[in-house]
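Worksheet: the structure to be examined is printed underneath.
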Ligand SMILES: C[S@@+](CC[C@H](N)C(=O)[O-])C[C@H]1O[C@@H](n2cnc3c(N)ncnc32)[C@H](O)[C@@H]1O
């Protein structure tokens with residue numbers, strides 16, 4: 003897939019899944035991890051222009067000259083450098099958007115590090131958590147990303163299942179997918195306990211065998 007098509011899909015996904023939530027919020031305060039082509043950054047800055055607010059964007063590549071906007075602060079560092087980033091956080095966020103390293107371990111780490119910095123009612127948005135485009139024969143056929151995204155998805159389930167009283171979860175499988183957590187209360191997160199999968203266990207093997215013969 004060429005780059006501009008992929009960029010359009012990112013914008014399509016954000017417009018479809020989160021824009022309506024954001025345009026309702028006055029003095030919108032956003033923390034964004036991952037700038038690259040600036041698709042999300044540009045959209046957030048446009049909404050902030052109407053609603054007032056601030057956007058802090060983080061990337062390991064220096065994108066500070068990508069936008070010239072008084073409502074934008076760019077920090078050239080890793081997203082897990084909480085100690086440094088926290089110095090610039092003046093108030094809790096309405097949206098934290100994670101679009102950097104798309105793997106289970108990183109998602110869980112960033113969720114843990116920044117959950118306290120989200121307002122109650124705020125959204126923690128995680129990009130690229132579905133595997134459908136990467137399955138065999140699909141338009142992005144890729145073994146490694148399919149498996150990686152299946153793991154990311156199960157990580158999202160672990161976060162949710164371990165914290166049912168603290169977060170609501172809405173999912174979109176559109177394109178490469180997104181997860182939208184909504185914070186319900188200001189309480190310390192529980193440990194993200196791995197959900198046991200019984201699909202590949204002996205009991206299911208027997209079940210499949212029985213189903214085969216009836
Ligand atoms: C998928 S791109 C972001 C796309 C962007 N949201 C958009 O809409 O155009 C991922 C970006 O994350 C950055 N990145 C990767 N790992 C990072 C990390 N641990 N901390 C900060 N930035 C990281 C990369 O440099 C890259 O610019």
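Residue numbers (the numbering used here): 3 to 216.
Idealized CB from N, CA, C, for every residue including glycine.
Mapping the DSSP letters down to three states, classify residue i as helix, strand or coil.
i	result
residue 84	helix
residue 65	coil
residue 210	helix
residue 40	coil
residue 31	strand
residue 191	coil
residue 157	helix
residue 202	coil
residue 95	strand
residue 90	coil
residue 176	coil
residue 12	helix
residue 136	helix
residue 165	coil
residue 23	helix
residue 196	coil
residue 147	helix
residue 152	helix
residue 109	helix
Confirm, please, whether the CB-CB distance from residue j to residue i is below 8 Å.
i	j	result
residue 146	residue 11	no
residue 132	residue 151	yes
residue 73	residue 47	yes
residue 172	residue 182	yes
residue 77	residue 91	no
residue 2	residue 185	In the structure displayed, the chain extends from 3 to 216; residue 2 sits before or after that span and is not available.
residue 134	residue 175	yes
residue 137	residue 148	yes
residue 124	residue 95	yes
residue 35	residue 64	no
residue 119	residue 24	no
residue 192	residue 93	no
residue 195	residue 168	no
Based on the DSSP secondary-structure assignment, which residues constitute the bridge partners of residue i?
i	result
residue 76	59
residue 170	184
residue 125	97 and 184
residue 120	95
I'd like to confirm something about residue i: is its beta-carbon nearer than 7 Å to some heavy atom of ligand 2, or not?
i	result
residue 178	In the structure shown, ligand 2 is absent; the only ligands present are ligand 1.
Could you tell me whether the Cβ of residue i comes closer than 8 Å to any Cβ of chain B?
i	result
residue 203	The question asks about chain B, but that chain is absent: this structure has only one protein chain.
Taking 8 Å as the cut-off, does the stretch 94-102 touch the stretch 35-51 (at least 3 CB pairs, one atom from each stretch)? yes
Counting Cβ pairs closer than 8 Å, one from the stretch 114-125 and one from the stretch 138-145, do we hit at least three? no
Report yes or no: do three or more beta-carbon pairs, one from the stretch 121-128 and one from the stretch 50-68, lie closer than 8 Å? no
So does the stretch 53-66 actually touch the stretch 152-170, counting three or more Cβ pairs closer than 8 Å? no
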